[in-house]
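Participant: Starting off with a structure, shown below.
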Amino acid sequence: MPRASLIIGSSEDADLQLQGSDIAATHAKLEYKGGRLYCTALGGDPDLLLSPTACWMGGVELRPGVSYMVAPGTHIAIGSQGNSITCAFEETGSSAMAEMLLKASKARLASRPALLGTTARPPARPWNYLQGLAASASKEVQDKLGM
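Each residue of the sequence shown is one higher than the one before, counting from 5 in the working numbering.
Right, dumping it as structure tokens:
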């Protein structure tokens, strides 16, 4: 069974050791749960919304104590001395959220049988359709359209 989490930091106990004055003993955690990879910044003050963590994902600094889902190929930078890793992995299996949305959309279609087996096509008179959209637009948009 693959390891569920990995601690990044300067401590001898860290699973991935990085050295530098700006690297905390336990700086960040990579965790695999529910079929997804997450990164959590362990530094900084979790009570301060904008507390610096010196942990970036895709160029955006992470908030302390918040787990962020990591997409394949995401670049994670730790500290300010150029320590970085790129998460190269492939997602396998299915997403619970995707399965839930698929079930919900199937349930909506099943409750509207007239839609099943029909093909979507543009309106027969698109100008009427567009006029209806424009009529429901804000006054500013209507003025710009000359209505």
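Just so it is clear, CB atoms sit at the ideal spot from N, CA and C, and this is done for glycine as well.
With C-beta atoms as the reference, is S71 less than 9 Å away from Y42?
Facilitator: Residue numbering aside, residue 71 sits at position 67 when the sequence shown is read from its first letter. Residue numbering aside, residue 42 sits at position 38 when the sequence shown is read from its first letter. Result yes, Cβ atoms of S71 and Y42 sit closer than 9 Å.
Participant: Going by DSSP, which residues form a beta bridge with S9?
Facilitator: Within the sequence shown, the letter at position 5 stands for residue 9. Answer is E35, bridged to S9.
Participant: Give the DSSP-derived three-state secondary structure of G121 in the structure shown.
Facilitator: Here residue 121 refers to the residue found at position 117 when the sequence shown is read from its first residue. For G121, the pLDDT reaches just 49, beneath the cut-off of 50, and the residue's location in the model is therefore unreliable, leaving the point undetermined.
Participant: Going by the DSSP bridge assignment, what does P50 pair with across the sheet?
Facilitator: On the sequence shown, residue 50 is found 46 positions in, with the first residue counted as 1. None; P50 has no bridge partner.
Participant: On a Cα-Cα basis, can you pick out the residue from L34, A29, D19, S14 that is closest to P75?
Facilitator: Numbered from its first residue, the sequence shown carries residue 75 at position 71. The sequence given here has Ala at residue 75, not Pro. The candidate whose alpha carbon is nearest that of A75 is L34.
Participant: What are the boundary residues of the beta strand (DSSP E) that A58 is part of?
Facilitator: To locate residue 58, count along the sequence shown from 1; it is residue 54. No beta strand (DSSP E) holds A58; DSSP gives it neither H nor E.
Participant: Take T30 and list the residues in its own chain whose beta-carbon comes closer than 7 Å to its own, dropping the five residues that flank it on each side.
Facilitator: In the sequence shown, the residue the question calls residue 30 occupies position 26. Excluding positions up to five away in sequence, the list reads I11, G13, S15, A18, L46.
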